[in-house]
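Here the structure comes first, spelled out in structure tokens, and everything after it is commentary.
Right, dumping it as structure tokens:
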């Protein structure tokens with residue numbers, strides 16, 4: 009399980025790095041072509057938008073792994089430790105339910121859009137929409153791992 013966890017987080021981080029780099033290059037190319045060469049690229053904004061969607065969804069999974077999401081815990085901190093742990097478990101279960109919904113309806117959306125092509129890139133629309141179920145799977149995995157194996161009280165990334 010530990011090896012899978014390390015592999016997944018490295019995969020996610022490298023994918024984010026790659027997607028962010030490509031989006032940056034495409035955006036700079038669009039600015040250059042539009043304002044310097046006066047001949048804008050027809051496909052660059054569409055590609056940047058789809059890359060941004062992937063970055064957002066995969067980034068949500070990485071942020072969950074690193075405890076990077078904003079949380080309001082002022083009330084929970086007033087509870088005794090046992091109630092805090094129960095609250096934490098309930099939150100994890102709710103996240104897992106939400107992740108399952110992302111996966112289930114994400115795959116329905118991927119199937120629905122698999123026959124459509126994007127306007128500028130002529131890209132199968134299942135590709136941009138696949139970010140939803142994939143990130144749901146990753147979020148589910150990271151949450152399950154937290155629920156079953158980790159207990160650091162929400163203080164940063166574990167080793």
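In the numbering used here, the protein residues as written are 9 to 167. Glycine included, each C-beta is placed from N, C-alpha and C at the ideal position. Here the structure is a predicted model, which means the values were calculated and not measured.
{"Query": "Which residues in the same chain as residue 56 place their Cβ atom closer than 8 Å to its Cβ, once the five residues preceding and following it in sequence are excluded?", "Result": "31, 34, 35 and 38"}
{"Query": "Going by beta carbon distance, what residues of the same chain come within less than 6 Å of residue 163, once the five residues before and after it are set aside?", "Result": "Its pLDDT being 47, under 50, residue 163 is placed unreliably by the model, and nothing is read from it."}
{"Query": "Which residue marks the beginning of the alpha helix (DSSP H) containing residue 13, and which one marks its end?", "Result": "10-39"}
{"Query": "Along the chain, which unbroken stretches of the alpha helix (DSSP H) at least 4 residues long are found entirely within the segment 132-157?", "Result": "134-137 and 139-157"}
{"Query": "Using DSSP's beta-bridge definition, name the partner residues of residue 125.", "Result": "132"}
{"Query": "Check residue 70 in the structure and name its three-state DSSP category.", "Result": "helix"}
{"Query": "Give a yes or no on contact between the segment 138-150 and the segment 57-76, applying the rule of three or more CB pairs nearer than 8 Å.", "Result": "yes"}
{"Query": "Taking its Cβ as the centre, do 16 or more other Cβ atoms sit within 10 Å of residue 9, making it buried, or is it exposed?", "Result": "exposed"}
{"Query": "Between the alpha carbons of residue 151 and residue 116, how many angstroms are there, rounded?", "Result": "23 Å"}
{"Query": "Please return the same chain residues whose Cβ sits closer than 7 Å to the Cβ of residue 28, not counting the five positions on each side in sequence.", "Result": "63"}
{"Query": "Residue 81 by DSSP, collapsed to three states: which one?", "Result": "coil"}
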